[in-house]
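See structure below.
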Amino acid sequence: MNRLQVALIALFVGWVLSQLTEYIKGKRKTTKLKSAIELELNDLEELLKQREKTAKSSALKYGHNGNYAFSIGAPISTPVLDAYYSEVAASFTSEQRYNIRVFRDHIRSYNSIIKWLEETIPAKTTQNETVFKLFEAYKQSSFARVYIKAANKVGGREKIEDDHEDLNNLRETFNHLSAKLAFK
17 MNRLQVALIA LFVGWVLSQL TEYIKGKRKT TKLKSAIELE LNDLEELLKQ
67 REKTAKSSAL KYGHNGNYAF SIGAPISTPV LDAYYSEVAA SFTSEQRYNI
117 RVFRDHIRSY NSIIKWLEET IPAKTTQNET VFKLFEAYKQ SSFARVYIKA
167 ANKVGGREKI EDDHEDLNNL RETFNHLSAK LAFK
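Numbering of the sequence shown is given in our numbering, commencing with residue 17 and proceeding in unit increments.
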């Protein structure tokens, strides 16, 4: 072999090793980001449990016995999911992506209701509007919690369908609680 052939082989081997290194780095980064997202989703279960409890209490108490004050949790943030989901979405299964999408839709709805409740002047809304919004915040936080809890239980690998047993039970709970709301 002459020097040119040795140099070309060395160049090729160097290029292959470089490509392999980049591939391994990319895989590690994706694994770390997926792990961070999964941890955030697990942590959100507890946060949603608290938001659900607060929203339920506010919805059921508002308007009864002259009580026109409510306490509602802050909007729910998902910083890791917001920042990195687009980078690793392709590495999730279609079921996991579906579950995350539905979960995020409920979070967005909850956050928009919280924003409405914070920005709206109570004197300019009716009791029915406020009760409805408080109950809707409870429903959205409940749906988000049930989705994420059911998805976390199976690692997100099963699609949580609309007819899931936990969702049906939740709907029954809503029916029973709606009769206790102070609608005029």
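Glycine residues also receive a C-beta, built at the ideal position from the N, C-alpha and C atoms.
Judging by CA-CA distance, which residue of the options is the nearest neighbour of residue i?
i	options	result
isoleucine 132	Glu152, Leu193, Arg113	Note on residue identity: the sequence assigns tryptophan, not isoleucine, to residue 132. The option with the nearest alpha carbon to tryptophan 132 is Glu152.
glycine 89	Asn83, Glu103, Ser73, Asp98	Ser73
alanine 160	Ile25, Leu64, Asp179, Asn185	Leu64
serine 87	Ala23, Glu181, Glu134	Glu134
asparagine 168	Glu111, Glu188, Gln156, Leu57	Leu57
serine 128	Asp179, His80, Lys200, Pro91	Pro91
glutamate 103	Met17, Ala52, Ala85, Ile25	Ala52
phenylalanine 190	Leu36, Lys155, Ala106, Tyr163	Lys155
alanine 96	Glu38, Leu49, Ile164	First, the amino acid is wrong: residue 96 is valine here, not alanine. Of the candidates Glu38, Leu49, Ile164, the one whose C-alpha sits nearest the C-alpha of valine 96 is Leu49.
histidine 80	Gln143, Phe119, Arg113, Thr136	Gln143
aspartate 59	Gly42, Lys165, Leu186	Lys165
The alpha helix (DSSP H) that contains residue i, what's its start and end?
i	result
arginine 161	143-169
tyrosine 84	No alpha helix (DSSP H) holds tyrosine 84; DSSP gives it neither H nor E.
aspartate 121	110-135
lysine 72	19-77
arginine 187	181-194
glutamate 177	Counting along the chain, glutamate 177 falls outside any alpha helix (DSSP H), and DSSP gives it neither H nor E.
proline 91	No alpha helix (DSSP H) holds proline 91; DSSP gives it neither H nor E.
Consider the C-beta atom of residue i and the heavy atoms of the ligand MG; say whether any pair is separated by less than 8 Å.
i	result
leucine 76	Looking for the ligand MG in the displayed structure turns up nothing, as the structure carries no ligands at all.
Can you tell me whether residue i is buried or exposed? The criterion is at least 16 other CB atoms within 10 Å of its CB, across all chains shown.
i	result
lysine 45	exposed
valine 29	exposed
arginine 67	buried
threonine 94	buried
alanine 26	exposed
lysine 77	buried
histidine 122	buried
I believe residue i touches residue j by the beta-carbon criterion, under 8 Å. Please report the beta-carbon distance rounded to the nearest angstrom.
i	j	result
alanine 75	valine 147	6 Å
serine 157	alanine 71	5 Å
lysine 4	asparagine 115	Lying outside 17 to 200, the shown extent of the chain, residue 4 is not represented and no answer is given.
glycine 172	glutamine 112	4 Å
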